[in-house]
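Below is one structure, written out as structure tokens; the observations come after it.
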Amino acid sequence: MSSTSLAGKTAVITGSSRGVGADTAKLLAAQGANVVINYRQKAPRANKVVKEIEEAGGRAIAVGADLTTPEEVRGLMRAAVDAFGSLDVLVLNASGGMEADLGEDYAMRLNRDAQLDALLAGTELMTDGGRVVFVTSHQAHFIRDVETMDQYVAVALSKRAGEDALVERIPELEAEGIDLVVVSGDMIEGTVTATLLNRAEPGALDARREAAGRLYSVAEFAAEVAKMATADVKTGHVELVGGAEDFLAQSTDS
């Protein structure tokens, strides 16, 4: 995919009613993509993103779907094709697992099982030249080699399991002409996860900021995710965004 190839293409971005997902959707729309905004519960928030994209001259729809419900995931992917005629880019941005009220296996169900299910549902409808972008964190990508905060271990392990499950599918995807790339970022200023972690472990954000030099904003990280939707990289590429040097050093030492 070249950077001029988004005109007339369609992108589904999971978890895109706010934050990194919403900003990624707006950036892809600005490059000419038709975008599908996915939300789990907050329809008004998703509709606001759609309105902003349309007011800027782009095309978008909002589709509610809980990624842990297979029929809703298939409805989400079909909606892209029904509305715009194709599904060319799938950004697997939605994640979670720090919610205390959704069951102790929720992190694994959302961050591994649902990611794989979304990949399968989306790529069934993709044609040659499609691209899947999986969004993760350094804390998850390097979890086998580098310790993270106690409160984040379950989430990190589940996100890494999700990444591994997707990467295992690369040979089948390649046979269909579909690329898979991974974008990994540090803690991001202003996100729900960063706020929760800092609340659970006061000073965690400052410590990460010091180790990384600086932390990316939501808008800055979204720009890197959007870039990977069309970047000229090989399938299986892992784009490490900001502050990965200390993770790389620790994983090499271990």
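Residue 1 is where the sequence shown starts when you use the numbering used here, and the numbers rise one by one after that. C-beta atoms are modelled at their ideal positions from N, C-alpha and C, and glycine is treated no differently. All values reported here derive from a predicted model rather than from experimental measurement.
Under the three-state reduction of DSSP output, Y39 falls in the strand class. From the listed residues Y216, A56 and V89, the smallest Cα separation to T191 is found for Y216.
A residue is called buried once 16 or more other Cβ atoms fall within 10 Å of its Cβ, and T148 is buried on that count. DSSP, reduced to helix, strand and coil, places D179 within a strand of the structure shown. Around the beta carbon of E224, 16 or more other beta carbons lie within 10 angstroms, which makes this residue buried. Comparing alpha carbon positions, the residue from R169, G242 and T230 closest to D88 is T230.
The beta carbon of R18 lies closer than 7 angstroms to those of R45 in the same chain, with the five residues before and after it left out. Cα atoms of S5 and V167: separation of roughly 24 angstroms, rounded to the nearest angstrom.
Relative to the Cα of L157, the nearest Cα in the group G75, D23, R109 and G8 belongs to R109.
Rounded to the nearest angstrom, the gap between the Cα atoms of R214 and D82 is 42 angstroms. In the three-state DSSP reduction, A62 falls in the strand class (E or B). Taking 8 angstroms as the cut-off, the beta carbon of A60 is found closer than this to the beta carbon of I53. Taking 8 angstroms as the cut-off, the beta carbon of N38 is found closer than this to the beta carbon of V12. Residue burial is scored here from C-beta neighbours: K234 has fewer than 16 other C-beta atoms within 10 angstroms and is therefore classed as exposed. With contacts defined as CB atoms closer than 8 angstroms, F221 and V241 qualify as a contacting pair. DSSP, reduced to helix, strand and coil, places F247 within a helical segment of the structure shown. G162 is positioned such that its CB atom lies closer than 8 angstroms to that of Q115. A direct Cα-Cα distance of roughly 16 angstroms separates T68 from S16.
Checking the DSSP bridge columns, you'll see L240 partnered with S184. If the five residues before and after G177 are omitted, its C-beta is found closer than 8 angstroms to the C-beta atoms of T127, D128, G129 and G130, all from its own chain and listed in chain order. Contact check for A94 and T14: beta-carbon distance about 4 angstroms, within the 8 angstroms limit, so the pair qualifies.
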